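Participant: Going by our numbering, the first residue of the sequence shown is number 59, and it counts up by one from there.
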Amino acid sequence: MNVLLLGSGGREHALAWKLAQSPTLRKGTDTLYAAPGNPGIAAHATIVPLDATDHAAVVAFAKDKAVGLVVIGPEAPLVDGLADSLRAAGVPVFGPGKAAAQLEGSKGFTKDLCTRANIPTAGYARVATLDAARIALDLFGAPVVVKADGLAAGKGVTVAMTRAEADAAIADLFAETGAEAVIEEFLEGEEVSLFVLTDGNALMPFGSAQDHKRVGDGDVGPNTGGMGAYSPARVLTPALEAQAIREIVAPTVAAMAMEGMPFSGVLYAGLMLTAQGPKLIEYNARFGDPECQVLMLRFAGDLLETLLAVAEGRLADLGGAAFYDDPALSVVMAARGYPGTPAAGGAIGGIDAAEATGAIVFQAGTRAGENGIVASGGRVLAVTATGATVAQAQAAAYRAVDALDFTDGFCRRDIGWREVARERGDGQA
Ligand code: AMP
Ligand code: GLY
Numbered sequence: 059m060n061v062l063l064l065g066s067g068g069r070e071h072a073l074a075w076k077l078a079q080s081p082t083l084r085k086g087t088d089t090l091y092a093a094p095g096n097p098g099i100a101a102h103a104t105i106v107p108l109d110a111t112d113h114a115a116v117v118a119f120a121k122d123k124a125v126g127l128v129v130i131g132p133e134a135p136l137v138d139g140l141a142d143s144l145r146a147a148g149v150p151v152f153g154p155g156k157a158a159a160q161l162e163g164s165k166g167f168t169k170d171l172c173t174r175a176n177i178p179t180a181g182y183a184r185v186a187t188l189d190a191a192r193i194a195l196d197l198f199g200a201p202v203v204v205k206a207d208g209l210a211a212g213k214g215v216t217v218a219m220t221r222a223e224a225d226a227a228i229a230d231l232f233a234e235t236g237a238e239a240v241i242e243e244f245l246e247g248e249e250v251s252l253f254v255l256t257d258g259n260a261l262m263p264f265g266s267a268q269d270h271k272r273v274g275d276g277d278v279g280p281n282t283g284g285m286g287a288y289s290p291a292r293v294l295t296p297a298l299e300a301q302a303i304r305e306i307v308a309p310t311v312a313a314m315a316m317e318g319m320p321f322s323g324v325l326y327a328g329l330m331l332t333a334q335g336p337k338l339i340e341y342n343a344r345f346g347d348p349e350c351q352v353l354m355l356r357f358a359g360d361l362l363e364t365l366l367a368v369a370e371g372r373l374a375d376l377g378g379a380a381f382y383d384d385p386a387l388s389v390v391m392a393a394r395g396y397p398g399t400p401a402a403g404g405a406i407g408g409i410d411a412a413e414a415t416g417a418i419v420f421q422a423g424t425r426a427g428e429n430g431i432v433a434s435g436g437r438v439l440a441v442t443a444t445g446a447t448v449a450q451a452q453a454a455a456y457r458a459v460d461a462l463d464f465t466d467g468f469c470r471r472d473i474g475w476r477e478v479a480r481e482r483g484d485g486q487a
């Protein structure tokens, strides 16, 4: 069966790498297409010039090439309803339609759903004016969290430790006309990501990870799309994972189905492990980046068969997802300047040397330059490795990082620090 993968990041490189290994993708017979792709994805897929915002073109391509599954990597085409256009044309697709993708696209939608379905989450107020936001801040006090409503690539959130910071955040946000915001209670605890595949009905827990959202070592500096991740996140114990699925994910999937917006795809729950148990911070309607990279190194099953079962509503027929025991860890190399304006065009050498250490260098913001691969985005590479422990996976990933020659790039040197400290048993985490 031919497959079309949409996206161009490290997440999609990892998906392409794993899809290319699926026995369901028959060698020499089936083609994995990717658009727009990147040079890393091109090693596993046939790159085609398709624009995901042109639904008619994507549908026509899928029909023309007898594509049996479209895998939508990023959130923008999901929120834009591309999955609906494909389904309407009879093309199986991995990823939710527009209505279900509101779980990611609208923070207000998700908060209201949590209220209706009694899902544990931070207390909140939705506000549409600066005056209303001020009143909400009076009620919530500080620390408090201010979020723009809508897609913001993880950057529309201010965790304000003081009222002055919160005031600045709302002033900034409501400087734009038509802005809407969610003001939230500040949750205290450790953050983890839980992934669950669902076809709108059955659930398949698909692993956990811990991201590192701040740009600097020690979790300081501005928020980013994610500077590194490891999996599994053992702080989410089997008992806590079961609780999160019972109290958060299952009621969400049920409520979405009941309300006529069944969610089909991967539900990525950002959780805070509070003293009162797991609480939902946010949902994403797609795999995380770089969480997908670590999950793909650990997933032991047939990815194409699994994603197809989701798309075709057959997930209940599959057993649970099998993962290798060894943890995986991914270090993001970003271009200098990220998450502000990243330096573009920096040369990247040493990928072969890095991979010779046993790691995999997933490409994100890269393009083919005249003399090899160059940087073309904020997050450029996701250097990913496994090990018997998170500490060993971390050491392996940094060995590979050190074999790279990317002078315009930088990375955090402490990815996985919480779990490494726990493994050492020194209680710092
Ligand atoms: P979001 O885009 O909703 O994931 O928010 C970005 C980051 O802000 C999260 O990963 C958390 O680190 C932090 N954050 C969001 N909401 C809260 C909250 N209610 N309490 C504490 N931290 C939060
Ligand atoms: N790494 C965070 C995200 O993909 O949203």
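C-beta: ideal position from N, C-alpha, C; glycine also. Predicted model only: the values in this text are computed from it and were never measured.
Measure the C-alpha to C-alpha separation of residue 364 and residue 470 and round it to an integer number of angstroms.
Facilitator: Approximately 33 Å, taken between the alpha carbons.
Participant: Should residue 73 be labelled buried (16 or more other beta-carbon atoms within 10 Å of its own) or exposed?
Facilitator: Flag for residue 73 reads buried.
Participant: What do you reckon, are the CB atoms on residue 117 and residue 147 nearer than 8 Å?
Facilitator: A contact, by the Cβ cut-off of 8 Å.
Participant: Taking all protein chains shown into account, decide if residue 235 is buried (16 or more other Cβ within 10 angstroms of its Cβ) or exposed.
Facilitator: Residue 235 comes out exposed.
Participant: I want to check one thing, is the minimum distance from the CB of residue 273 to the heavy atoms of the ligand AMP below 7 Å?
Facilitator: Checking every heavy atom of the ligand AMP against the Cβ of residue 273, none is found closer than 7 Å.
Participant: Which term fits residue 219, buried or exposed, when burial requires 16 or more other beta carbons within 10 angstroms of its beta carbon?
Facilitator: Flag for residue 219 reads exposed.
Participant: Can you give the beta carbon distance from residue 252 to residue 299, rounded, assuming they're within the 8 Å contact cut?
Facilitator: Residue 252 to residue 299, Cβ: 6 Å. Contact.
Participant: For residue 316 and residue 166, what's the separation of their Cα atoms in angstroms?
Facilitator: Cα to Cα, residue 316 sits roughly 19 Å from residue 166.
Participant: Quick one: is residue 93 buried, meaning 16 or more other Cβ sit within 10 Å of its Cβ, or exposed?
Facilitator: Buried: at least 16 other Cβ atoms inside 10 Å.
Participant: Kindly confirm or deny that the stretch 309-324 and the stretch 351-363 touch, where touching means at least three C-beta pairs closer than 8 Å.
Facilitator: Short answer: they don't touch.
Participant: Is the number of C-beta pairs between the stretch 246-264 and the stretch 435-450 that are closer than 8 Å three or more?
Facilitator: At 8 Å Cβ cutoff, the stretches do not touch.
Participant: Cutting at 6 Å between CB atoms, please list the residues of its own chain near residue 247, excluding the five before and the five after it.
Facilitator: Excluding sequence neighbours, residue 247 sits near 330, 331 and 332.
Participant: Do residue 327 and residue 152 have their CB atoms nearer than 8 Å?
Facilitator: No, these two residues do not count as a Cβ contact at 8 Å.
Participant: Work out the CA separation of residue 221 and residue 345 for me, nearest whole Å.
Facilitator: Their backbone Cα atoms lie some 34 Å apart in a straight line.
Participant: Give me the Cβ distance between residue 269 and residue 284, rounded to the nearest whole Å; I'm assuming they're in contact under 8 Å.
Facilitator: Their Cβ separation, rounded to whole angstroms, is 5 Å, which keeps residue 269 and residue 284 in contact under 8 Å.
Participant: Sorry if obvious, but does the Cβ on residue 180 come closer than 7 Å to a heavy atom of the ligand AMP?
Facilitator: Yes; taking the cut-off as 7 Å, the Cβ of residue 180 has a heavy atom of the ligand AMP nearer than that.
Participant: Going by alpha carbons, who is nearest to residue 124 out of 190, 61, 382 and 189?
Facilitator: Residue 124 has its Cα closest to that of 61, out of 190, 61, 382 and 189.
Participant: Pull up the CB-CB distance for residue 244 and residue 379, whole angstroms please, since I reckon it's below 8 Å.
Facilitator: Not confirmed; about 33 Å, so no contact.
Participant: As a quick exercise: from 134, 215, 231 and 464, pick the residue whose alpha carbon is nearest that of residue 191.
Facilitator: Nearest option by C-alpha distance: 231.
Participant: Does the ligand AMP have a heavy atom nearer than 7 Å to the CB of residue 345?
Facilitator: It does not: the Cβ of residue 345 is nowhere closer than 7 Å to a heavy atom of the ligand AMP.
Participant: Are the CB atoms of residue 188 and residue 228 within a distance shorter than 8 Å?
Facilitator: Going by C-beta atoms, residue 228 is nearer than 8 Å to residue 188.
Participant: Return helix, strand or coil for residue 343, following the three-state DSSP convention.
Facilitator: Of the three classes helix, strand and coil, the one that applies to residue 343 here is coil, per DSSP.
Participant: Should residue 193 be labelled buried (16 or more other beta-carbon atoms within 10 Å of its own) or exposed?
Facilitator: Residue 193 should be labelled exposed.
Participant: Tell me whether residue 349 counts as near the ligand GLY, meaning its Cβ is closer than 7 Å to at least one heavy atom of that ligand.
Facilitator: Yes.
Participant: Are the beta-carbon atoms belonging to residue 287 and residue 349 less than 8 Å from one another?
Facilitator: Cβ atoms of residue 287 and residue 349: closer than 8 Å.
Participant: For the ligand GLY, I want to know if residue 277 counts as a neighbour, meaning its beta carbon is within less than 7 Å of at least one of the ligand's heavy atoms.
Facilitator: Incorrect: residue 277 has no Cβ contact closer than 7 Å to the ligand GLY.
Participant: Reducing DSSP to helix, strand and coil, say where residue 73 ends up.
Facilitator: Residue state, collapsed to three classes: helix.
Participant: Between the Cα of residue 308 and the Cα atoms of 262, 292 and 278, which residue gives the shortest distance?
Facilitator: The option with the nearest alpha carbon to residue 308 is 262.
Participant: Beta carbon of residue 323: closer than 7 Å to some heavy atom of the ligand ATP?
Facilitator: This structure simply doesn't include the ligand ATP; it includes the ligand AMP and the ligand GLY instead.
Participant: Within the continuous beta strand (DSSP E) that includes residue 269, where are the two ends?
Facilitator: Note, residue 269: beta strand (DSSP E), 261-269.
Participant: Could you pull out every residue in the same chain whose Cβ sits closer than 6 Å to the Cβ of residue 59, ignoring the five residues on either side in sequence?
Facilitator: Correct list, in chain order: 88 and 126.
Participant: Ends of the alpha helix (DSSP H) at residue 205?
Facilitator: Run containing residue 205: none in the alpha helix (DSSP H); it sits in the beta strand (DSSP E), 202-206.
Participant: Any heavy atom of the ligand GLY closer than 7 Å to the CB of residue 17?
Facilitator: The chain is shown only over 59 to 487; residue 17 falls outside these bounds and no answer can be derived.
Participant: Report the start-end ranges of each alpha helix (DSSP H) in the stretch 342-410 that is 4 residues or longer and not cut off at the edges.
Facilitator: Qualifying alpha helix (DSSP H) stretches, in chain order: 349-356 and 361-369.
Participant: Let me check you understand the geometry: is the CB of residue 284 closer than 7 Å to at least one non-hydrogen atom of the ligand GLY?
Facilitator: Flag set: Cβ of residue 284 near the ligand GLY.
Participant: Residue range of the alpha helix (DSSP H) that residue 452 falls in?
Facilitator: Unbroken alpha helix (DSSP H) run through residue 452: 448-461.
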